[in-house]
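Q: Residue numbers (full-length UniProt numbering): 1 to 606.
Ideal Cβ positions, reconstructed from N, Cα and C, are used throughout, including at glycine.
Please read all numbers here as calculations on a predicted model, not as lab measurements.
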Amino acid sequence: MLLLAAVGVGEASWGVETLIDNTVTDVRDVTAGDFDGDGLMDVASASFEDNTISWNRNQGNGIFSSKTVITSRTSGATGVHAVDVDGDGDTDLMSTSYNDDKIAWYENDGTGNFGGQRLIYTGADGARGVAAGDIDGDGDTDALSASYLDGKVAWYHNNGDGTFPLVTTISSREFGASAVQVGDLDNDGDLDVVAAYYAADTIVWFTNRGGGVFASEKIITTLADGVAAIQVVDIDGDGDLDVLSASELDDKIAWYSNSGTGVFGSQIVITTLADGAYSCYAADVDGDGDIDVCSASYSDNKIAWYENGLLSSFSEQRVITETSQGAISVYLTDLSGDGKLDLLYAAASDDQVATFKNAWTSTPTTFPPTTITPTQSPSLPPTTTPSAVPTTSPTASPTTLTPSAAPTTSPTTDTPSTAPTSSPATISPSTLSPSTAPTTTPSANPTSSPTTAPTTSPATVTPSAATTSPATDTATAPASGPATISPSISRCTHFDGHQVIQPASHHSLMISPLPPGLHHTSITTSTLSPTALTCLFSLLLRLPLLLSQPFTPTSSPLPSITPQPLLPLPPHLPPSCFTPHLPLRSPPTLIIDQSLSLAVCPPGVP
């Protein structure tokens, strides 16, 4: 019986709000990056009213420096994006500004010292959204923008040195481009573009045909009324990129499922309670392995989150704060360095950037996990009431097929005697694979005594007499050494120069000669290579299906050893390989006899 075990998952809770800066007048956007190279995520923001791009150094323990202004040469800064523009390994910044129509970037020397404003483009009328990615596949970071007043979505070719000589318009509508994002939506290996049009309530995407040449727009939705923000992210965990949106005029946070080829399903509404929804961000907030969603809503001053539950269904709105006046931007990043995603936000009316520390703790999930562990009792009551006593007496041994000393094909003559009347002849299989049944009958009297131990490779001795079935099929076991190998051998293979034999009529494995260092007091996987382990494990896993009763050696072996699970596993063998199809009554026994041959003898299956 199998029991679905509860798995600890996170339940997000939030610490006290920490103010980072309250001097960023009419702040519109916030992001994070390690600008000074100290391993802690710092914070950057764009302020519309004071026309600045600035950053705050993370000093650790929830303490941030006062802002350092990177530039005040913007007019109506609307967006900021952290990315390595020049490919030198540190995090630079890009910005958009609405009133002067600029797309610009700022070079970081790696310690948080930013150079002056470097213009990418000055003709993006009402520049509002900015993104970055290698659009043309040449290995450097290109820039993209959405400009509200001219309705354009465009990309800018990076020469690799931070200069952007070419601008390519992807789409031009009459009005209202509000956001742009990139991602491989059709899984063809290049970056496609997603754009939002606030005035048209529309989200569209453009297929990159390669080299930055884009096809015509494909509509994702026309139901996002006043769409202000989008994100490209795998919400349902199926391996492709979906689209998340925040729409201001219908107060919605919603998402759109991607089939994997760029075909999107209908709008799936997460909430309609985000009054004036202006920003959204998705990531695993509670540490349970799926993607949750956070939002900032301008009109009701709320920062909230929505837990992703079973089958990508989201919880009701969980308000983190509703006192962030003019909540306009939200971002998730690990500011405290504890491995959990903290919440960073900007509030335009409060002129502030602040954070809530993520303090989620592990609790049992209410959803059925995928981890399965065996139990000795059923996890649910049986559908019928069992009788007080068994209806039939259990048998002492399995009632399924019981292997005999006979070959797998039944002989046409009488059952062989339990033991030959005289010493058997030394008979070995031919070098070719044996048939399913012997084609000849061995002589009644063996011609010689068996050897004391099997050889590393069988001799090619042809059995005498030719009849359709043998009078007997096994030889008397020798006085010492492992059990005698029948002439019928079902498998013989090699690893590390050692022969592994699985006889058809004896349920054991023998390695001859033994690998160096392997003896009856030292049974470890360290003496065998991964190739050897693969061979041995594959034979071990076959035994529960082949056997129905224990193998008892006829000689007196040294004390047996019950093995623990063989670890470490070879990297190409998943742990599921070690789950028998039928449970063993007890684990197999490793037996080392006096000839230093190894026998692996399972005790049978119930």
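At a cut of 8 angstroms, does the stretch 187-201 reach the stretch 240-248 through at least three beta carbon pairs?
A: yes
Q: I'd like to check one pair, Asp275 with Asp251: are the Cβ atoms closer than 8 angstroms?
A: yes
Q: If you draw a straight line from the C-alpha of Arg73 to the C-alpha of Asp288, how long is it?
A: One alpha carbon belongs to Arg73, the other to Asp288, and they sit about 43 angstroms apart.
Q: What residue range is occupied by the uninterrupted beta strand (DSSP E) comprising Gly224?
A: It should be noted that the sequence gives Ala, not Gly, for residue 224. Taken as a continuous stretch (DSSP letters only), Ala224 belongs to no beta strand (DSSP E), as it is neither H nor E.
Q: Which residues does DSSP list as the beta-bridge partners of Tyr278?
A: DSSP, once it has assigned bridges, lists no residue as partnering Tyr278.
Q: Using DSSP bridges, identify the partner residues of Gln352.
A: When DSSP reads this structure, Gln352 sits in a beta bridge with Ala347.
Q: Report the partner residues of Arg209 according to the DSSP bridge assignment.
A: Arg209 pairs with nothing; no bridge assigned.
Q: Please tell me whether Asp26 and Asp34 are closer than 8 angstroms, where the distance is taken between their beta carbons.
A: no
Q: Helix, strand or coil for Leu311, going by three-state DSSP, please let me know.
A: helix
Q: What is the DSSP secondary structure of Val293, counted as helix, strand or coil?
A: strand
Q: Report buried or exposed for Asp192, applying the criterion of at least 16 other Cβ atoms within 10 angstroms of its Cβ.
A: buried
Q: Tell me which residue opens and which closes the beta strand (DSSP E) that Leu332 is part of.
A: Ala327 to Thr333
Q: Using DSSP with H/G/I as helix, E/B as strand and the rest coil, what is Thr525?
A: Low per-residue confidence applies at Thr525: pLDDT is 38, beneath 50, and the placement is therefore not dependable, though the value from the model is reported in the following sentence. Three-state result, Thr525: helix.
Q: Going by Cα to Cα distance, which pick from Gly76, Thr91 and Asp92 is closest to Asp100?
A: Per the C-alpha coordinates, the member of Gly76, Thr91 and Asp92 positioned closest to Asp100 is Gly76.
Q: The beta strand (DSSP E) with Thr25 in it runs from where to where?
A: Segment: none, Thr25 is in no beta strand (DSSP E) and carries neither H nor E.
Q: Assuming Ala224 and Ala254 form a contact by the criterion Cβ under 8 angstroms, report the distance between their Cβ atoms to the nearest whole angstrom.
A: Beta-carbon to beta-carbon, Ala224 and Ala254 are separated by about 7 angstroms, close enough to satisfy the 8 angstroms threshold.
Q: For Arg28, which of Ala347, Asn358, Asp36 and Asp236 has the nearest alpha-carbon?
A: Ala347
Q: Sorted by chain position, which residues of the same chain lie with C-beta nearer than 6 angstroms to Leu567's C-beta, five sequence neighbours on each side aside?
A: In this predicted model, Leu567 has a pLDDT of only 34, less than 50, meaning its place in the structure is not dependable; the value taken from the coordinates is given anyway. Apart from sequence neighbours up to five positions away, no residue of its chain approaches Leu567 with a beta-carbon distance below 6 angstroms.
Q: Quick check: Val194 and Val227, are their CB atoms within less than 8 angstroms of each other?
A: no
Q: Count Cβ pairs between the stretch 257-276 and the stretch 210-217 that sit closer than 8 angstroms; are there 3 or more?
A: no
Q: When you compare the CB positions of Ile235 and Ser329, do they come within less than 8 angstroms of one another, or not?
A: no
Q: Does the Cβ of Arg128 have 16 or more other Cβ atoms within 10 Å, making it buried, or fewer, making it exposed?
A: Within 10 angstroms of the beta-carbon of Arg128 lie 16 or more other beta-carbons, which makes it buried.
Q: Counting along the chain, where does the beta strand (DSSP E) carrying Ser247 start and finish?
A: It spans Asp242 to Ser247 - the beta strand (DSSP E) in which Ser247 sits, taken as one unbroken run.
Q: Excluding the 5 residues preceding and the 5 following residue 607 in the sequence, name in chain order all residues of the same chain whose CB lies nearer than 6 angstroms to its CB.
A: Any answer about residue 607 is impossible in this case: the structure gives the chain only from 1 up to 606.
Q: Check for me: the beta strand (DSSP E) holding Gln117 runs from which residue to which?
A: Taken as a continuous stretch (DSSP letters only), Gln117 belongs to no beta strand (DSSP E), as it is neither H nor E.
Q: According to the neighbour-count rule (16 or more other Cβ atoms, all chains shown, within 10 Å of its Cβ), is Val319 buried or exposed?
A: exposed
Q: Asp21: buried (16+ other C-beta within 10 angstroms of its C-beta) or exposed?
A: buried
Q: Whole beta strand (DSSP E) runs in the stretch 97-167 with 3 or more residues, listed along the chain?
A: 102-106, 118-121, 127-133, 142-147 and 152-157
Q: Comparing C-alpha positions only, which one of Arg209, Asn358, Asn301 and Val243 sits nearest to Thr221?
A: Nearest C-alpha to Thr221: Val243.
Q: Which class does Met41 belong to by DSSP, given the choice of helix, strand or coil?
A: coil
Q: Straight-line CA distance for Ala131 to Leu332?
A: 17 angstroms
Q: For a test of the three-state rule: what should DSSP assign to Trp360, helix, strand or coil?
A: coil
Q: Who are the Cβ neighbours of Val153 in its own chain at under 6 angstroms, not counting the five residues just before and after it?
A: Ala146, Ile170, Ser171, Ala177, Val180 and Ala195
Q: Can you tell me whether Val80 is helix, strand or coil according to DSSP?
A: strand
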